[in-house]
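Participant: I am attaching a structure below and will ask some questions about it afterwards.
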Amino acid sequence: MRNRLLGILLTLMACVLAALGVPLGYLMAAAEQSAVVVDRIDDAARFAQDLPTQGRSTAAMKGDALPVQGDTSRLHALSVEAARYHELYGARIGVFHRDGSAIAVAPADWHAPTGDSPGAEAFREALDGRRSHNPPQAWPWDEDRTLTVALPVVRDGDVVAVVITESPTGPLRSRILHRWLVIGAGEGLAMVVAVLLAVRLTGWVLRPVRTLDRATHDIATGRMNARVAPSGGPPELRRLARSFNEMADHVVFAMDQQRAFVADASHQLRNPLAALMLRVELLGLELPEGHDAELGAVREEGTRLARVLDDLLGLATAEHARPEPEPVDLTALVLARLDAWRPSAGQRGVDLVWDGPARAQGWADPIGFGSALDAVLDNAIKFTPAGERVSVTVAADKQEVAVTVADTGPGLTEEELERIGDRFWRSPRHQNVDGSGLGLSIARTLLLAGGGELSFSPVEPHGLAVTLAAPRRKTDL
Amino acid sequence: MRLLLVEDDDRVAAALVAVLGRHGFQVRHARSGHEALDALVPDGNEPYRVVLLDLGLPDRDGFEVCSRIRAGSGVPVIMVTARADIRSRIHGLNLGADDYVVKPYDMGELLARIHAVARRGTAGTPAENTETPTGPLESRGVVIDRERRRVTVEGRDVALTRKEFDLLALLAQSPGVVYRREQIFSEVWRSGWEGNGRTLEVHIGSLRTKLGLPGLVEAVRGVGYRLIPDLPADSGEAGR
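Next comes the structure, spelled out in structure tokens:
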């Protein structure tokens, strides 16, 4: 977003600068050239004035191209002046008769322009009695161009001669180039200022967005105490940050309420349940002989209810827990848990086997991961018929370490696979197996809190595989 | 055996008092910490052997009551509470509680724990006469000499088998209190499994015959057995 915003701002800026700079450069070049042209026209006009043609009739002038006697000295003076002019300004100057023959020319080997060069064009126009209008613009990249200005010398309404100056455009072009460089430098400076301003502006606008983004990510990944620090930025974004904080507060409050409710409920139910169990005990004392089985069953129900309460409390605590993942050798952890479960599995006639690398380093909260593994193993052993086996596989790839517990129990249908791990969910076919239906929920909560995840897949031909995954490297929770 | 029950929930307390009464305990119910501390002041009656202390009390914190009990007397305290978290357990035990039971509990477990802390409570005062041969059965003419493992009735030696003696000695620990079958099996037969049907009944029968006092060991239906020290004083506080 920052780059896009910067790009847009800078493109706009560049467009504005170009829209201003290009015409400015053009106008500058035109002004420079017209100053030169006006200058040359003035010069030419002065030469035209000095042309000694006064007092001669039009007819005589037309018939006889030579000036009358006495003018020779003035003609000579004109030539000298032209030579000096040429020497001084580097511009060629020539005064020509209508037929193109020179009256005074400097340098001496210069002829009236012919053909269809711009000079010839100007010459023809001057013969028609028109002054040269602005010749084509000279650009700095034009090579070796000259600027031709032709001026008609009019006597008694007739064009008797033409004064042509042809100046090299080198100095003009370098002057234009120089002006342009100044303009370019100005624009570059403006662009630098614009870039600085744009960077600051986007930073100012985007800083609250970035902090918001970070806080949202934190909250999404479970760090509920993340908040947006009040900082600069546009008022709208500041308001958004405030609203975000309020929202986060409310979410945390609601979650705490819910958690506290679960904890309180499981807590508060203990007293009535205790009273109930005591009454059952009392009732059992009054019962005649032979009802021990029923009494035992009622006691068992009470114990089951008590375990549900314990699990609920466990879930509330697991959700509240803020585990600190650390590097753990998950193979060692799995082996330790398997050793702990072996007697219990042995009692049910279930074999526990494992396979995996000697070391599998992963980032996990060892207690949370161990508890989750316990819940999964408990489940697997419970559903595996005697004589079968529960196999535990540790596999490590680049991203994560996966501990898969596969049983050979009845397994679950696809529909059931989607629901497993939901709170209190139990397969309708397994309602009579011990448990509250919270074990896997607690396992999932514990794993998620530690940055891992819990997934389920079927085993062929029947059974369920539960995979506990922990990241290989520290994840940014 | 006198017990002090500190519990603010009347329904739990009523049920517990009834059950404990059926087991031969004399139970006093205190509804608050204040009342409990008052009840523990010696008043000439038989001292309380065990205090069952609920932590959620209306007037003061159960932990505080526990430390005050501990400061004033050596009576064993079992915390009976709904707080299951490990920190409360540790805190309670650190404050001087002898045991910690979380509600809802199994009655058999609670009774076993009561007996356990009561036993430890008496073991802590070996100089007292609770375990001396002339102990609590003098009035019925039965004297149990634990060191020599001999029993005399009215001065006459009675030859008992090892299990019979252990059984009598166990019941004599707390006369009047009903020992549950599972507890008798645990302590006499050292087994958590309740034997092959009639083992206990057979031993009780032969014990009664050998002692010549059929009413001394009484069967409480559905619970277990108890020793009745004095025939007329039987219906005392126990049935409250």
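Protein chains in written order, with our numbering: chain A, 1091 to 1567; chain L, 474 to 713.
Positions of the beta carbon are idealized from the N, C-alpha and C atoms, including for glycine.
(1) Would Arg533 of chain L and Gly506 of chain L qualify as a contact pair, given that the criterion is a beta-carbon distance under 8 Å?
(2) With a floor of 4 residues, list each alpha helix (DSSP H) that falls wholly inside the region 631 to 657 of chain L, ordered by position along the chain.
(3) How many angstroms separate the CA atom of Lys636 of chain L from the CA atom of Val624 of chain L?
(4) Tell me, please, whether the CB atom of Arg484 of chain L is closer than 8 Å to any CB atom in chain A?
(5) Compute the beta-carbon to beta-carbon distance between Trp1444 of chain A and Val1424 of chain A, rounded to the nearest angstrom, for a pair I have assumed lies under 8 Å.
(6) Do you know whose CA, among L:Ile563, L:Ser546, L:Ala544, L:Gly545, lies nearest Met552 of chain L's CA?
(7) Go through the region 1188 to 1222 of chain A residue by residue and report every complete run of the alpha helix (DSSP H) that reaches 4 residues or more, in order.
(8) Could you give the uninterrupted runs of the beta strand (DSSP E) lying entirely in the region 543 to 605 of chain L, keeping only those of 3 residues or more?
(9) Compute the Euclidean distance between the alpha carbons of Arg1130 of chain A and Gln1123 of chain A, then round it to the nearest angstrom.
(10) How would you label His676 of chain L, buried or exposed, when you count the other beta carbons within 10 angstroms and need 16 or more for buried?
(11) Tell me the residue span of the beta strand (DSSP E) that contains Pro1226 of chain A.
(12) Between the Cα of Val693 of chain L and the Cα atoms of L:Ser546, L:Arg484, L:Pro520, L:Leu493, which residue gives the shortest distance?
(13) Helix, strand or coil: which one does DSSP assign to Val626 of chain L?
(14) Can you tell me which of the three DSSP states Arg1389 of chain A falls into?
(15) What residues in the region 1457 to 1488 of chain A have a beta carbon less than 7 Å from any beta carbon of chain L?
(16) Checking 8 Å against the spacing of the C-beta atoms, do Gly1499 of chain A and Ala1476 of chain A come in under that value?
(17) Contact defined as beta carbons within less than 8 Å: I believe Arg654 of chain L pairs with Leu673 of chain L. What is the distance between those atoms, to the nearest angstrom?
(18) Is the CB of His1552 of chain A under 8 Å away from at least one CB in chain L?
(19) Run down chain L in chain order and give the residues with a C-beta less than 7 Å from the C-beta of Ala1396 of chain A.
(20) Using a beta-carbon distance cut-off of less than 8 Å, what residues from the region 506 to 529 of chain L approach chain A?
(21) Strictly under 8 Å for the Cβ-Cβ distance: is Ala1350 of chain A near chain L by that measure?
(22) Under 8 Å by Cβ, that's how I've got Asp1401 of chain A and Gly1529 of chain A pegged, so tell me the actual separation to the nearest angstrom.
(23) Does the beta-carbon of Gly1501 of chain A have 16 or more other beta-carbons within 10 angstroms, so that it is buried, or is it exposed?
(24) By alpha-carbon positions, which one of A:Ala1119, A:Ala1408, A:Ile1457, A:His1176 ends up nearest to Trp1200 of chain A?
(25) Between A:Val1126, A:Leu1395, A:Ala1533, which has its C-alpha nearest Asp1468 of chain A's C-alpha?
(26) Going by alpha carbons, who is nearest to Ala1280 of chain A out of A:Leu1110, A:Pro1456, A:Gln1489?
(27) Taking Cβ-Cβ distances shorter than 7 Å, what residues in chain C pair up with Ala557 of chain L?
(28) Which two residues bound the contiguous alpha helix (DSSP H) that contains Ser1264 of chain A?
(29) Under the rule that 16 or more other beta-carbon atoms within 10 Å means buried, what is Glu1277 of chain A, buried or exposed?
(30) Kindly say whether Leu1536 of chain A, judged by its beta-carbon, lies nearer than 8 Å to any beta-carbon of chain L.
(31) When you compare the CB of Asn1361 of chain A with every CB in chain L, is at least one pair closer than 8 Å?
(32) I want to see whether chain L comes within less than 8 Å of Gly1529 of chain A, judged by CB atoms only; does it?
(33) Is Arg495 of chain L close to chain A? Criterion is C-beta to C-beta, closer than 8 Å.
(34) For Met1118 of chain A, which residues of its own chain have a beta-carbon under 6 Å away from its beta-carbon, when the five flanking residues on both sides are left out?
(35) Taking the beta strand (DSSP E) that Thr682 of chain L falls in, what are its first and last residues?
Facilitator: Here's the rundown:
(1) Result yes, Cβ atoms of Arg533 of chain L and Gly506 of chain L sit closer than 8 Å.
(2) Taking only runs of at least 4 residues, the alpha helix (DSSP H) segments lying wholly in the region 631 to 657 of chain L are 635 to 646.
(3) CA-CA distance, Lys636 of chain L to Val624 of chain L, rounds to 13 Å.
(4) Cβ-Cβ to chain A under 8 Å: yes for Arg484 of chain L.
(5) Indeed they touch by this definition, with Cβ atoms about 7 Å apart.
(6) That would be L:Ile563, whose Cα lies nearest to the Cα of Met552 of chain L.
(7) Listed in chain order, the complete alpha helix (DSSP H) runs (minimum 4 residues) inside the region 1188 to 1222 of chain A are 1208 to 1217.
(8) Those beta strand (DSSP E) runs which fall completely within the region 543 to 605 of chain L and span 3+ residues are 550 to 554, 572 to 575.
(9) If you draw a straight line from the Cα of Arg1130 of chain A to the Cα of Gln1123 of chain A, it is about 10 Å long.
(10) Under this definition His676 of chain L is a buried residue.
(11) No beta strand (DSSP E) holds Pro1226 of chain A; DSSP gives it neither H nor E.
(12) Closest by C-alpha distance to Val693 of chain L, out of L:Ser546, L:Arg484, L:Pro520, L:Leu493, is L:Leu493.
(13) It is a strand residue.
(14) Three-state DSSP puts Arg1389 of chain A in a helix.
(15) Under the 7 Å Cβ criterion, the region 1457 to 1488 of chain A contributes no residue.
(16) In this structure, Gly1499 of chain A lies away from Ala1476 of chain A, with their beta-carbon atoms at least 8 Å apart.
(17) Going by Cβ atoms, the distance from Arg654 of chain L to Leu673 of chain L rounds to 6 Å, so yes, they are a contact pair.
(18) So, not an interface residue.
(19) Ordered by position in chain L, the residues that pass the 7 Å Cβ test against Ala1396 of chain A are Pro577.
(20) Listed by position, the residues of the region 506 to 529 of chain L near chain A (Cβ gap below 8 Å) amount to none.
(21) No, because no Cβ of chain L sits closer than 8 Å to the Cβ of Ala1350 of chain A.
(22) The pair is a contact, with the Cβ atoms about 7 Å apart (cut-off 8 Å).
(23) Counting Cβ neighbours within 10 Å, Gly1501 of chain A comes out buried, since at least 16 surround it.
(24) Among A:Ala1119, A:Ala1408, A:Ile1457, A:His1176, the Cα nearest to that of Trp1200 of chain A is on A:His1176.
(25) The residue from A:Val1126, A:Leu1395, A:Ala1533 with its alpha-carbon nearest to that of Asp1468 of chain A is A:Ala1533.
(26) Out of A:Leu1110, A:Pro1456, A:Gln1489, A:Leu1110 has the C-alpha closest to the C-alpha of Ala1280 of chain A.
(27) In the structure shown, chain C cannot be found, because the protein chains are A and L.
(28) Start and end: 1260 to 1310.
(29) Counting Cβ neighbours within 10 Å, Glu1277 of chain A comes out buried, since at least 16 surround it.
(30) It does not: the Cβ of Leu1536 of chain A has no partner Cβ on chain L nearer than 8 Å.
(31) Yes, Asn1361 of chain A lies at the interface with chain L (some Cβ there is under 8 Å from its Cβ).
(32) Gly1529 of chain A does not count as touching chain L.
(33) Answer yes: the Cβ-Cβ gap between Arg495 of chain L and chain A drops below 8 Å somewhere.
(34) These residues qualify, in order along the chain: Arg1269.
(35) The continuous stretches of beta strand (DSSP E) do not include Thr682 of chain L, which lies in the alpha helix (DSSP H) extending over residues 672 to 684.
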